[in-house]
Amino acid sequence: MVELTIQHASYLQATTNIGTPLILVVRVILFLRIGLDRKSLSHPQPSWGETLTATSFSTGPGGKGANQAVACARLSRPNPTAPSSITVRMLGSVGADEFGPSLTTSLQSSLIDTSSITVVEGQSTGVAVILVEETTGENRILLSPGANYSLLPSSFASVSSLGVPKPDLVILQLEIPLETVLQIIKTAKEAGVDVLLNPAPAVKLPEDVFKGLGHLIVNESEAAILTSRSVADVEAEGFDWDVVTSEFLSKGVKNVIVTLGSKGAFFQSSGMEKGISVKAEKVKKVVDTTAAGDTFVGAYAVSVVRKGGVVGEEDVKGACRAAGRTVEKEGAQSAIPWADEV
1 MVELTIQHAS YLQATTNIGT PLILVVRVIL FLRIGLDRKS LSHPQPSWGE
51 TLTATSFSTG PGGKGANQAV ACARLSRPNP TAPSSITVRM LGSVGADEFG
101 PSLTTSLQSS LIDTSSITVV EGQSTGVAVI LVEETTGENR ILLSPGANYS
151 LLPSSFASVS SLGVPKPDLV ILQLEIPLET VLQIIKTAKE AGVDVLLNPA
201 PAVKLPEDVF KGLGHLIVNE SEAAILTSRS VADVEAEGFD WDVVTSEFLS
251 KGVKNVIVTL GSKGAFFQSS GMEKGISVKA EKVKKVVDTT AAGDTFVGAY
301 AVSVVRKGGV VGEEDVKGAC RAAGRTVEKE GAQSAIPWAD EV
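With UniProt numbering applied, the sequence shown corresponds to residues 1 to 342, in that order.
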């Protein structure tokens, strides 16, 4: 889970009577998977029963939530030495192994508050095995959750479990136990805290999840699963995404975004008669798409807290720009840009 907090009354910037800028704090909290990415690049990708030699192999910090936290932190400030009005806090678990400390240190290097990350004895740190198609940058990912599944629903039954003071935005994925995610959403709604849900990996969700949900960001396959459609149907040429976004809005979601990879994104908010298509950012060369979606989420989240939850087309365009910069580099967190690189 990622937590973003801001003092909405005057969060942008206040000035004291001696002319010194006073930046008020925005807090974002992410409940998330923290893990190690083991990545191989090859062309072509192996078929079942086939063994190929990879072009390269790398190991680095990852996890969708962790990547989104890095994106929030980096895109909220121009560069690593600049101040930010946004505080990003991660809540998750690592195993009592050699990987946990290095992953936590990596998050701290992006100026993320890691004080709520716990070490779980007897569990391994989560791992993702990633296969990247070298010529297109497209990927396939297999997760081993490890310590990430130690986050229990009972730990998040009270408003205080979200942090004190309470955050302005909670960001969630589905890489921790589903029952825990559902409890966090319930608690956040009761506390009046805005929630951004990125339901990956996608599973069918209870209908009450969508009622009052501030922000839903899905890709094509996730949208298909959540609306009981086939992936082939939604990927067909000329598919009307208004049908999908309108369905989520009718269930109570306030803002819906479908990310469409190289085709950009589709956005609709409650009150909009029809959704709008936003073109993808032009890129020099697609190298690695691993963290593109997570960068999009982070960039959009920064806009959400800076604008008090009222977002529009320009914010989606900005998220597309940030994602475009990310795919031009190899890696996950290492590829995520700072704001002045977008």
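Even glycine gets a Cβ: it sits at the ideal position worked out from N, Cα and C.
All of these numbers come straight from a predicted model, not from anything done at the bench.
- Per the DSSP secondary-structure output, Pro-61 pairs in a beta bridge with Leu-36.
- Its chain contains Arg-33, Gly-35, Pro-145, Gly-146, Asn-148 as the residues whose beta carbon lies nearer than 6 Å to that of Gly-126, once the 5 sequence neighbours on both sides are disregarded; these appear in chain order.
- In this structure, Lys-64 sits away from Glu-138, with a CB-CB distance that is not shorter than 8 Å.
- At the C-beta level, Gly-264 and Lys-279 come within 8 Å of one another.
- In this structure, Val-256 is the residue among Pro-78, Met-90, Lys-39, Val-256 with its C-alpha nearest to the C-alpha of Val-218.
- Of the residues assessed, Asp-233 falls on the exposed side of the cut-off, its CB having fewer than 16 other CB atoms within 10 angstroms.
- Only exposed fits Ser-250, as fewer than 16 other CB atoms lie within 10 angstroms of its CB.
- Residue pairing of His-215 in beta bridges, as defined by DSSP: Leu-196, Asn-255.
- A residue is called buried when at least 16 other Cβ atoms come within 10 angstroms of its Cβ; His-215 meets this threshold and is buried.
- Between the segment 296–307 and the segment 56–75, the count of C-beta pairs closer than 8 Å reaches three or more; the two stretches touch.
- Residue pairing for Phe-267: DSSP places it in a beta bridge opposite Ile-257, Ile-276.
- By the Cβ-count criterion, Trp-241 is buried, with 16 or more other Cβ atoms from all chains shown falling within 10 Å of its own Cβ.
- If the five residues before and after Phe-210 are omitted, its C-beta is found closer than 8 Å to the C-beta atoms of Leu-216, Phe-248, Lys-251, Gly-252, Val-253, all from its own chain and listed in chain order.
- Cβ-Cβ distances below 7 Å link Glu-313 to Phe-267, Ile-276, Val-278 in the same chain, with the five nearest sequence neighbours on each side left out; the list follows chain order.
- Per DSSP, Glu-222 is one residue of the alpha helix (DSSP H) stretching across 220–226.
- Here the alpha carbon of Thr-59 sits roughly 16 Å from the alpha carbon of Ser-124.
- The beta carbon of Cys-320 sits closer than 8 Å to those of Gly-264, Ala-265, Val-278, Lys-279, Ala-280, Glu-281, Phe-296, all from its chain and outside the five residues before and after it, given in chain order.
- Contact annotation: Gly-309 and Asp-194 have beta-carbon atoms nearer than 8 Å.
- Gly-212 is not a Cβ neighbour of Ile-29, given a cutoff of 8 Å.
- For the set Val-287, Thr-245, Gly-261, Val-286, the Cα lying nearest the Cα of Met-272 is the one of Thr-245.
- Excluding five sequence positions before and after Ala-128, the CB atoms of its chain that fall closer than 8 Å to its own CB belong to Gly-35, Leu-36, Asp-37, Arg-38, Gly-62, Gly-63, Ile-141, Leu-142, Leu-143, Ser-144, given in chain order.
- In terms of Cβ geometry, Asn-79 and Ile-336 do not form a close pair [threshold 8 Å].
- Judged by DSSP in its simplified three-state form, Gly-100 adopts helix.
- Annotation: Val-286 to Ala-200 spans about 22 Å, alpha carbon to alpha carbon.
- Inclusion of Val-305 and Leu-169 in the CB contact set at 8 Å is warranted, their separation being smaller than that value.
- The alpha-carbon of Ala-223 is positioned some 29 Å away from that of His-43.
- Ile-185 places its beta carbon less than 8 Å from that of Leu-172.
- Separation of Arg-229 and Ser-221 (C-alpha to C-alpha, rounded to the nearest whole angstrom) is 9 Å.
- In the DSSP assignment, the residues bridged to Thr-118 are Ser-93.
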